[in-house]
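Q: Offset between the sequence shown (1-based) and this note's numbering: plus 98.
C-beta atoms are modelled at their ideal positions from N, C-alpha and C, and glycine is treated no differently.
Predicted model, so just to flag it, every value in this text is computed and none were measured.
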Amino acid sequence: MKLFDLLSAQRRFVYLAVALASGVGIWTALTLPSAIYPELLFPRVTVVAEGSSLGAREVVFTIARPIEEAVTSVQGVRRVTSRSIRGSTELQLYFDEHADMQVALQQTQQRIAQARDLLPANVRVQVERLTPSVFPILSYNLEGGDPATLYDIAQFQLRPELSRVPGVGRVDVQGSAVPEVEVVAEPARLAAVGMSYSDVALEIEHSLAVDAVGRVTQSYSQYLVVADQQIRTPDRVADIVIGTGLRVRDVATVSLGTADRVSVIAGDGRPAVLLNITRQIGGNTVAVADSIAHIAATFAKTLPPGVRLVPVYDQASLVRDAIISVRDAMLIGAVLAVLVLLLFLRNLRVTAIAASSIPITLAITVGVMARLGQTFNLMTLGAMAIAIGLVIDDAIVITENIVRHMRLTPDRQLAVRSAMQELLWPVTTSTLTTVVVFAPLSLLTGVVGQFFSALSITLSIAVLVSLVLALTLIPLMAESLLADEDDTRAGSTSRRIAHALDSFADRYERSLAAALGHPRTLVAAALALLIVGFLMQRVVGSGFLPEMDEGAFVVDFFTPGGTPLAESDRQVNIVERILANEREVAGTSRRLGAELGLFATEQNRGDIAVRLKPARDRDRSSQEVIDDARGKIARAVPRLRVEFVQILSDVINDLAGAAKPVEIKLFGSQLDTLEQYAGTLAPKLQAIDGVEDLYDGVSEPAAEMRLTVNGAEASKIGLDPQAVGAEVSGALLGVHAGELRLEDHAIDVRVRAPDSFRGDAARLDVIPIHVAGMHATAALASIASVTPAVGRAAFRRENQQQMIAITSDVGTRSLGAVMGDVKAVLAKSPPPAGVRVEIAGQYANQQSAFRALMIVLLLAAVSVVALMLVQFRSFVEPLLIVLAAPVSFVGAVGLLWITGTQLNVSSLMGLILLIGLIVKNGIILLDFTELRMREQGEPLEVAIRHAAKVRLRPILMTTLCTLAGLVPLALGLGAGSELQKPLAIAVIGGLALSTPITLYLVPTLLVAIRGRDFRRTMTTQAAT
């Protein structure tokens, strides 16, 4: 039984199945989670150890190195980096791509737990798997009040409300004034009573402790006995007894204040508290944002007068805009494709049948996509937009062939059956070529693999669904809805169009006949095109991932090492004012001494999140705003180092371990030698056109006061150097003395010296040091000396080696061109002995991705040849069709050059897709040639001329529909379109050139190889 006969007998089932599948897809589209990117999984774990008061160098030896040695043995670790600053260190563990990250996280935690005894007692270690969900999708500023009050509102009122929203991962509150009970004691008063800061803190902590000490039974009830001093206010803390006849108030003042100010948080230039909201893995970004916005609007009504809750960053708005822009691109592409059909078919009914495959295919695709774990994001939505012109191809070919057969016979069923049988295998094979070109993409790993696997999966689903519809639904609709007599010739306009198309087909047949006699000329022309393409490829810039206008960016800033917090604040205030005066800027949020994500941060660095007005309300792109602000900031604050990054691209690149486009790593055992070599390279690299925001990697000097304990003198009072250091730390940093329990939360209690004392280096000598075992103290000067010194602010290491990284951004010039000049500088300035140079950053990732994609391209071509061997049972036709692809690539490279688009991962994906599209047209043409030779006994030249004339119309229709569907993406209209734009441009350029190659070069070479009088028989077919 023929396929159409089976379908005709089960017509109602086919209609019902399609309707149900479409309905499920539509319902799924209403509930499918949406995000900006596919769910990205990175093989990376972050370890942050903080709480120490040591300098950066001491942190390396006492914290960083023990942890490095412990985690290096974790299975699957391939790279361990560390950055140590004053008081803390941050380690990044990079694992093999296929490592089980849940196991890796557990093993890392176990190794660090085993090494805990090697670390200082007061160090807090945080271990977390680093994923995009660690970074916020929403940020709000709470502005307009006392910073401590704002912190309490955000931490204890707003945070619990936001945390209960489904899909929310974590709500982090960052403020510069954290409430704290301050117990401030003058050194002289402590010395008079023979106590140290640690002594006072210990007594307070004991009094604040609440302990269950037993149970008693009375009157048939069991009571828990709780030891509780019922201290609930700072005034009661002052009454705590700390010695015989001595209370806290006798040696210190107690008040409700704030913790030491180690960071500054500001919103639009005013003190603020920042709330960062992350989503859970797999959470719906838009749904989470909508729920948060509703709660924020309700909560804002309860705020005290003058306090405002201001949105700073909303990733969901970009997602919404991207969905709208892709939707518009799909609608425009669909309309253009339908107009192309109407132009060629000149029949509304025929056009409607073919065009119906577009919405049905997209609906079913969404349903299947959801079952495979995909979400709505820029890659899957982009794939659906790309598919607009592809999913209609099979319907076009089938419908056009049915109409042609209806002209040949009055029996509609016979016409449909004949048309179906004629194209069943050619259409199936040609469509599968589009799918198999994506199969090797499974070899890709990292960002590129995860990004484009979502695109390829969605596109493959859409193409396969369209194939099924073209072979099932479309023939049934054509058989039911098309009239017995074709009315495509009705009307004067239609007649003129028909005459023009027929005339064009005749002229094409004659020109092909002429071309068949000049194969050498065509081959020479093809070779000339290849040479031109090779030359153009050398001038087309290369990049990694396309840049996207996100409507927001971040300014990372760095004041000179050792700069006081107040001075850093003053300099950054100038930057805030400059940004606020940019007409495109809607608002800013600034962190000084804190950063986005899980990172150790010095007090001289931070970032400013800049929110821009919607694209429709500004006449400059985010990059143009950045370029303008960069120059103004450099002139206004010359000593401030700044780096500009787009938020999402910075997150993705940082997660991938390549935060900067240009990164040159210098390894060696002598840090001074590394810094000298970096200093030699920096000015030469800065002179390269396109290098921006260069950082030489040399750590800023950090001012220190070296405390040297006289061991002999310290031993006389029963202390060692470590104990003396603890006493000094208690005075300067304070000693934690427990928690004061309020109505619904607790705040820390800290004992410390007065600010006037802590800020005066000259008064360090009189810090009281408690004499062990005695009710007496000794001045610090009697057992130790304090001298000024200069150290380094930060140390970087990789795989337990010292390392300096020279980094920079890239301006309007391409990454490939800039790196060409960078390599030239490195070649002219070889490293000194003992120094190893390694090129890393986004360029290294780009080169790795390019190599992988070239392998994918080769495997895609091999896969296509293998598939065509099944169809043609010969090597000649498949190889001819595939060998035409490199010539078509010239068109892709040419259009990239004309439009100023870089050759990047997206455009290379376009070349891979192009292979399937080129092959598709070649199969349609040569299969009909084979059919004529077998059934009519025609020689090759006659058969191929006839096939070319008959298949010209469907080839042109499918090509033009594909181009029409890609035009909106190639124009780059709307948010997020930048990711698919290079792909669309490459496909348009390549497909436009591939059409004449398929129509002229392939037939000519086939005739030249086979001979004009070659005839296809079963014997010759088997032989080849």
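Look at the alpha carbon of L599 and the alpha carbon of G1020, and state the distance between them as a whole number of angstroms.
A: Along the sequence shown, one-based indexing puts residue 599 at 501. Along the sequence shown, one-based indexing puts residue 1020 at 922. Cα-Cα distance, rounded: 21 Å.
Q: Since I believe A892 is in contact with S455 (beta carbons under 8 Å), could you give me their beta-carbon distance rounded to a whole number of angstroms?
A: In the sequence shown, the residue the question calls residue 455 occupies position 357. In the sequence shown, the residue the question calls residue 892 occupies position 794. About 60 Å; that fails the 8 Å criterion.
Q: Between the C-alpha atoms of A154 and R184, what's the straight-line distance to the nearest angstrom?
A: Within the sequence shown, numbered from 1, the residue matching residue 154 stands at position 56. Within the sequence shown, numbered from 1, the residue matching residue 184 stands at position 86. Looking at the two C-alpha atoms, the distance is approximately 4 Å.
Q: Are there 16 or more other CB atoms within 10 angstroms of the CB of E1153, so buried, or fewer, so exposed?
A: Outside the shown range of the chain, which is 99 to 1122, sits residue 1153, and nothing can be said about it.
Q: Would E42 pass as a contact of Y793 if the rule is Cβ separation under 9 Å?
A: Residue 42 is absent from the structure shown; the chain starts at 99 and stops at 1122.
Q: Return the CA-CA distance between I1083 and L994, expressed in angstroms with no decimal places.
A: Here the question's residue 1083 lines up with position 985 in the sequence shown. Here the question's residue 994 lines up with position 896 in the sequence shown. Using only the alpha carbons, I get a separation of about 7 Å.
Q: With a 10 Å radius around its C-beta and 16 neighbouring C-beta atoms as the bar for buried, classify I996 as buried or exposed.
A: On the sequence shown, position 898 is the one that residue 996 refers to. I996 should be labelled exposed.
Q: So is N1002 buried or exposed if we call it buried at 16+ other beta carbons inside 10 Å?
A: Position 904 of the sequence shown holds residue 1002. With 16 or more other Cβ atoms within 10 Å, it is buried.
Q: Provide the residue span of the beta strand (DSSP E) that contains M803, from first to last.
A: One-based indexing of the sequence shown puts residue 803 at position 705. Unbroken beta strand (DSSP E) run through M803: P799 to V807.
Q: So, R894 versus A903, is the Cβ gap smaller than 9 Å?
A: To locate residue 894, count along the sequence shown from 1; it is residue 796. To locate residue 903, count along the sequence shown from 1; it is residue 805. Result yes, Cβ atoms of R894 and A903 sit closer than 9 Å.
Q: Give a yes or no on contact between the region 495-502 and the region 1090-1097, applying the rule of three or more CB pairs nearer than 8 Å.
A: At 8 Å Cβ cutoff, the stretches do not touch.
Q: Does the distance from the C-beta atom of S237 to that of Y411 stay below 9 Å?
A: By one-based count along the sequence shown, residue 237 stands at place 139. By one-based count along the sequence shown, residue 411 stands at place 313. The answer is yes: Cβ separation under 9 Å.
Q: Identify the residues that DSSP records as bridge partners of M901: which are they?
A: Stepping through the sequence shown from its first residue, residue 901 is reached at position 803. In DSSP, M901 forms a bridge with F765.
Q: One question on the structure: do L571 and V116 come within less than 9 Å of each other, judged by their Cβ atoms?
A: Numbered from its first residue, the sequence shown carries residue 571 at position 473. Numbered from its first residue, the sequence shown carries residue 116 at position 18. Yes; because the gap between Cβ atoms is below 9 Å, this pair is in contact.
Q: Mapping the DSSP letters down to three states, classify N475 as helix, strand or coil.
A: Along the sequence shown, one-based indexing puts residue 475 at 377. Correct three-state label for N475: coil.
Q: In this structure, how does DSSP classify R688 when only helix, strand and coil are distinguished?
A: The sequence position of residue 688 within the sequence shown is 590, counting from 1. The answer is strand: DSSP assigns R688 an E or B state.
Q: Helix, strand or coil, according to DSSP, for Y318 in the structure here?
A: By 1-based counting over the sequence shown, the position of residue 318 is 220. Three-state result, Y318: coil.
Q: Please state if the CB of D919 and the CB of D787 are separated by a distance shorter than 9 Å.
A: Mapped onto the sequence shown, residue 787 falls at position 689. Mapped onto the sequence shown, residue 919 falls at position 821. For D787 and D919, yes; Cβs fall inside 9 Å.
Q: When the Cβ atoms of the region 136-148 are set against those of the region 158-172, are three or more pairs found closer than 8 Å?
A: Output reads yes: the region 158-172 touches the region 136-148.
Q: Quick check: what's the CA-CA separation for I199 versus M1031?
A: Mapped onto the sequence shown, residue 199 falls at position 101. Mapped onto the sequence shown, residue 1031 falls at position 933. Per the sequence presented here, residue 199 reads as Met, with Ile not at that position. Distance between the alpha carbons of M199 and M1031: 59 Å.
Q: By Cβ distance below 6 Å, which residues in the same chain neighbour A107 in space, the five residues on each side in sequence not counted?
A: Residue numbering aside, residue 107 sits at position 9 when the sequence shown is read from its first letter. None.
Q: Starting from the C-beta of V884, find all residues in its chain whose C-beta is less than 6 Å away, skip the five residues before and the five after it, and write them out in chain order.
A: Within the sequence shown, the letter at position 786 stands for residue 884. Answer for V884: M803, L805 and L862, listed in chain order.
Q: What do you get for R605, buried or exposed, if any count of 16 or more other CB atoms within 10 angstroms of its CB means buried?
A: For the purposes of this step, residue 605 is taken as residue 507 along the sequence shown, with counting starting at 1. Result: exposed.
Q: Bridge partners for P369 per DSSP, in chain order?
A: Within the sequence shown, numbered from 1, the residue matching residue 369 stands at position 271. A364, per the DSSP bridge assignment.
Q: Distance, Cα to Cα, P524 vs L439?
A: The residue given as residue 524 occupies position 426 in the sequence shown. The residue given as residue 439 occupies position 341 in the sequence shown. One C-alpha to the other measures close to 21 Å.
Q: Is it buried or exposed for P403, if we count other Cβ within 10 angstroms and need 16 for buried?
A: Translated into positions along the sequence shown, residue 403 becomes position 305. Exposed: under 16 other Cβ atoms inside 10 Å.
Q: For A275 and L248, I'd like the C-alpha separation in whole angstroms.
A: As a working note, residue 275 is residue 177 in the sequence shown. As a working note, residue 248 is residue 150 in the sequence shown. Whole-angstrom Cα-Cα distance: 9 Å.
Q: Looking at C-alpha atoms only, which residue of S186, L1089, A513 and E896 is the closest neighbour of F102?
A: Numbered from 1 along the sequence shown, position 4 holds the residue referred to as residue 102. Per the Cα distances, A513.
Q: Less than 9 Å between the beta carbons of Q635 and V991, yes or no?
A: In the sequence shown, the residue the question calls residue 635 occupies position 537. In the sequence shown, the residue the question calls residue 991 occupies position 893. In this structure, V991 lies closer than 9 Å to Q635 by Cβ.
Q: Considering only C-alpha positions, which residue in the set K1047, A133 and M518 is nearest to L610?
A: As a first step, residue 610 is located in the sequence shown; it is residue number 512 there, counting from the start. The residue with the shortest Cα to Cα distance from L610 is K1047.
Q: DSSP three-state call for S946: helix, strand or coil?
A: Here residue 946 corresponds to residue number 848 of the sequence shown, with the count starting at 1. It is helical.
Q: So what does P866 bridge to, in DSSP terms?
A: Within the sequence shown, residue 866 is the residue found at index 768, counting from 1. According to DSSP, P866 bridges with A877.
Q: Grouping DSSP H, G and I as helix and E and B as strand, with all else coil, what is V1003?
A: As a first step, residue 1003 is located in the sequence shown; it is residue number 905 there, counting from the start. Correct three-state label for V1003: helix.
Q: Identify every run of the beta strand (DSSP E) within the region 1075-1100, keeping only runs that are complete inside it and at least 3 residues long; order them along the chain.
A: If we require 3 residues or more, the region 1075-1100 turns out to have no beta strand (DSSP E) run fully inside it.
Q: How would you label M646, buried or exposed, when you count the other beta carbons within 10 angstroms and need 16 or more for buried?
A: To locate residue 646, count along the sequence shown from 1; it is residue 548. Buried, since its Cβ has 16 or more Cβ neighbours within 10 Å.
Q: CB E1076 to CB L306, shorter than 9 Å?
A: Taking the sequence shown and counting its residues from 1, one reaches residue 1076 at position 978. Taking the sequence shown and counting its residues from 1, one reaches residue 306 at position 208. No, the pair does not count as a contact, with Cβ atoms beyond the cut-off.
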